[in-house]
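Everything on this sheet refers to the single structure shown next.
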Amino acid sequence: MKAVKAAAKAVKSPHAETVRKAVAAPMLEIPEPKLTWMNKSRQWGVRVKPGKKGLTLGSLNVGIYGEIPMDWPDQTRNPRGAIGRKGMPPVGYMLRSKSQVWADCAADLYEEAIQRRWAPATDVPWDTVKPLPDDLERAVCQVNTELSQYANVEIEVISAWQHQMVYGYHEVKQYLATAGFDAARHYEVFRKRALMNGGGLGLEGPGQVNRMILESRGGWTEAVVYLVLVRGLFAQTILRYLEHYASNEAESFIYRNVLQDKARLLTYGLDHLKFAIAHNEDQKQIIATLLAIGDGLFIRDFNDPVLREALAIVFGGSIEGARGAGMDVYHDMMRAYISTHLEYCQWLDVPRRIPEQLEQYAPQD
Amino acid sequence: MSEAEKLGPDYELDLGWMDQTGPWDTRAEEGRNGLTLADIQVGEYGRVPDESDNQTGRPRGSAPRSGSYRIGNYAVRTKSEIWLDNASFLYEEALQRQWSSATDVPWHTIEPLPDDIEQAQCQMATFLTEVEFVAGDVPARWVSQTTPDFFEARQLLTAQVMDESRHMDVFRKRAMANGGGLMAATGATSGFVGSIDLSRDFTEMSARLHISGEGAVLTIFRMGELMAYNDAEKAMYRLCAQDEARHVAYGVMHMRYMAETAPERHEEINCYFDEAEAGILSGSANPAGQAPILSEPLAILLGGGIAKFDEGFKKLVALRRRQIQEYKKRVVSAGFGARFENGRSRINEILEQAAAA
């Protein structure tokens, strides 16, 4: 709203006034307009009206503008539906097939992300954070340090792939712009929490899963498997539990809002994987292989005691609490993660076997 | 047996990590504008290294872990290559001033326009849809290559990617909202040598994108009321102008930092400005440039129709002058004003060309 209010104040621009007066300027040699660009449209007469949610991106997909081909060989920035210019050197987009990027929900998620924007500086009720016992503060700071690092990986992965996608699938590029911006906000909000209550940042994370996500260079779909189906879902599960065990309204707000943002990325990711599987015969098996390889690295990160203990302290309220109820909650959280992960794999029809080291968390049936 | 399985009901904890932290007892305090990025630049956490050796992606100020895997190989590890002093401020402003093209533009105020005006508006909207996201694609690439030690600058770039995404979509929306449609693309930002896309260095990219390209577009957006025929179009241009002003500010402030801290690169940066000036009107990325596919619709919009093309063209020439004056001010503000005094810049010649159409 601040942008809209500021824009409304600028009713007349002083800059524009100087141009208005130019009409009285001395005579110029004015070229005869050629107008060769006129009447050049693949579809004219389009009149999309705003609906209940305003004039949304998805509502523009009418007539030829809604034709989204399976392949988009044009490597210029020709907007979908416009008349392209011949002979333009390619920008060099790597992802040019719909199956490599698409999710039907991208346009809706884009608009939702914009509507649900929030600002850590002003929307988090920071004044509700009160001094915590030292062990709890250390645990909260450690968890926030690692979550901030998770967000860093998200920023790097999304921004590394987004610019390699062709313009024909602009809805996805646009949604990912919101996802990258969300991740930047997460990076910031976790850092803010760690630095504002007598604590500080903790120990950096072990990094095997970070590296695995960043190194999924085969394609965006492969990156999505790790970013969403493994790390994303794990982070989401942590956030859900953190919200429940938050020490104050500020933390509760942070975890709840980050969770909401991450839910969009999860929705996009699952929708995209489903689409990719439906249009690429081998994709399902590729995902299964990636998950099997990923298990090894995930288990190595998982065996690191730091995050586990920090979470258990948060859930148990203290070191003492962590030794009993806190760790029980942690194991419950892991069961929730594995169970949801398996459900999603099943929904995607991806064959999945939980490795022995994580079997204790697998659903009984 | 896994680590977790070894843990019994009364769990043993290691807790060695509790003493491995960054500087402790940190209490960043909320200011008038909330708890901003600037407010958390406290103590060591506010110290930005001139050279970053962070290869693991750890948050700046956190305790390093000796066994952590290197993930970095970041191309941008030297502060001066990407830094600007007010990144935190601009980032927070970007967060506060997000807007929605779906609901913040009063689309219902659009009424049918004469065909020549609608075509000119749609051609301009097609062009802006085409070029706006070059400023999303390219910063995104640099975000992924920048060490998180310079996260303040990186945050601002992610905000820019978001802004550009909205610009790409608001102009597409305009083209389809009033009985028109998309028209012809210009190919303006294709893979030409010397284009924004092909910049090999962040500062080179910033000179082309922020100072020259977006600077020229910002002047047009600020003049939006002259080519707007209803409140929706006015709002669209004003809101885009706010965003664009931040992006241009990135470039100016980054160049200022370079002017102050990297004297060995001044000549190189002047070369980027030479190149920017040479293309400011002849290049096809400036909506007020000389390519007829852009200058003609703009003149029609500024004049009020084909019948008033001459009047519109005079305004277009005044607008080009304005663009060049603003460009000059930015370069002076960035600390490279000497080029206008020592005869290096050709901007005055270009200004004369602009006046002579």
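These protein sequences, in sequence, are chains A and B. Numbers 71 to 435, taken from the working numbering, label the letters of the first sequence in order. Numbers 96 to 452, taken from the working numbering, label the letters of the second sequence in order. Backbone N, C-alpha and C define an ideal beta-carbon position, used for all residues, glycine too.
Each of B:Leu277, B:Ala373, B:Glu187, B:Asp244 was checked against the Cα of glutamate 225 (chain B), and the nearest Cα belongs to B:Leu277.
Under a criterion of Cβ atoms nearer than 9 Å, no residue of chain A is adjacent to arginine 303 (chain B); the nearest Cβ is some 15 Å distant. Residue ranges of uninterrupted alpha helix (DSSP H) with 4 or more members, entirely inside the segment 168 to 249 of chain A and ordered along the chain, are 168 to 171, 176 to 185, 190 to 193, 204 to 232. Boundaries of the alpha helix (DSSP H) harbouring threonine 410 (chain A): 397 to 418, taken from the DSSP string. DSSP places glycine 398 (chain B) inside the alpha helix (DSSP H), whose first and last residues are 387 to 398.
Tryptophan 196 (chain A) sits buried, since 16 or more C-beta atoms from the chains shown fall within 10 Å of its C-beta. In terms of beta-carbon proximity, methionine 164 (chain A) stays away from the interface with chain B, with every pair separated by 7 Å or more.
Separation of alanine 362 (chain A) and tyrosine 296 (chain A) (C-alpha to C-alpha, rounded to the nearest whole angstrom) is 11 Å. Linking tryptophan 142 (chain A) to glycine 111 (chain B) through their CA atoms gives a straight-line distance of about 53 Å. Taking 7 Å as the cut-off, the Cβ atoms of serine 169 (chain A) and alanine 346 (chain A) count as close. Between histidine 256 (chain A) and the set A:Arg187, A:Trp231, A:Pro201, the nearest pair of CA atoms involves A:Arg187.
Proximity of chain A to leucine 108 (chain B) at the Cβ level (cut-off 8 Å) is accounted for by Pro375, Glu379, Ala382, Ile389, Ala392, Arg393, in chain order. Per DSSP, the beta-bridge partners of isoleucine 153 (chain A) are B:Ala279. By the Cβ test, the segment 263 to 271 of chain A is in contact with the segment 137 to 157 of chain B, since at least three Cβ pairs between them sit closer than 8 Å.
Of all C-beta pairs linking the segment 302 to 313 of chain A to the segment 213 to 228 of chain A, three or more are shorter than 8 Å, placing the two stretches in contact. For a Cβ distance threshold of 8 Å, nothing in chain B lies close to histidine 342 (chain A): the least Cβ distance comes to about 18 Å. Nearest to methionine 350 (chain B) by C-alpha distance, out of B:Ala394, B:Asp180, B:Leu252, is B:Asp180. The three-state secondary structure of threonine 204 (chain B), taken from DSSP, is helix.
For tyrosine 352 (chain B), no CB of chain A lies under 7 Å from its own CB, so it is not counted at the interface with that chain. Listed by position along chain A, the residues whose Cβ is nearer than 7 Å to that of arginine 341 (chain B) form an empty set, because the closest Cβ is around 11 Å away. Arginine 370 (chain A) places its beta carbon less than 7 Å from that of glutamine 278 (chain A). With a 10 Å radius around the Cβ and a threshold of 16 neighbouring Cβ atoms, histidine 203 (chain B) comes out exposed. Taking every protein chain shown into account, the CB of methionine 140 (chain A) has fewer than 16 other CB atoms within 10 angstroms, so this residue is exposed. Per DSSP, the unbroken alpha helix (DSSP H) holding glutamine 278 (chain A) starts and ends at 278 to 284.
With its beta carbon at least 7 Å from every one in chain A, threonine 204 (chain B) lies outside the interface. Asn128, Gly129, Leu130, Thr131, Leu132, Ile135, Val137: these are the residues of the segment 126 to 137 of chain B whose beta carbon lies less than 7 Å from some beta carbon of chain A, given in chain order.
Taking the Cα of asparagine 267 (chain A) as reference, the smallest distance to any Cα among B:Gln115, B:Ser196, B:Leu130 is reached at B:Leu130. Beta bridge pairing from DSSP links alanine 380 (chain A) with no other residue. Neighbours of glycine 270 (chain A) in chain B, taken as residues whose beta carbon is under 8 Å from its own, are Thr116, Gly117, Pro118, Trp119, Asp120, Thr121, Tyr140, Gly156 in chain order. In the displayed model, aspartate 292 (chain B) falls within coil according to three-state DSSP, outside both helix and strand. Around serine 163 (chain B), the same chain offers Thr151 as residues with beta carbons nearer than 6 Å, after the five sequence neighbours per side are excluded.
The segment 290 to 305 of chain B and the segment 313 to 328 of chain B do not touch, with fewer than 3 CB-CB distances between them shorter than 8 Å.
Around alanine 402 (chain B), no beta-carbon contact reaches into chain A at under 9 Å, the shortest distance being about 11 Å. Of all residues in the segment 402 to 428 of chain A, only Gln427 come within less than 7 Å of chain B when Cβ atoms are compared, listed by chain position.
Around the CB of asparagine 437 (chain B), fewer than 16 other CB atoms lie within 10 Å, so the residue is classed as exposed. Valine 118 (chain A) sits in coil when the DSSP states are folded into three classes, being neither helix nor strand.
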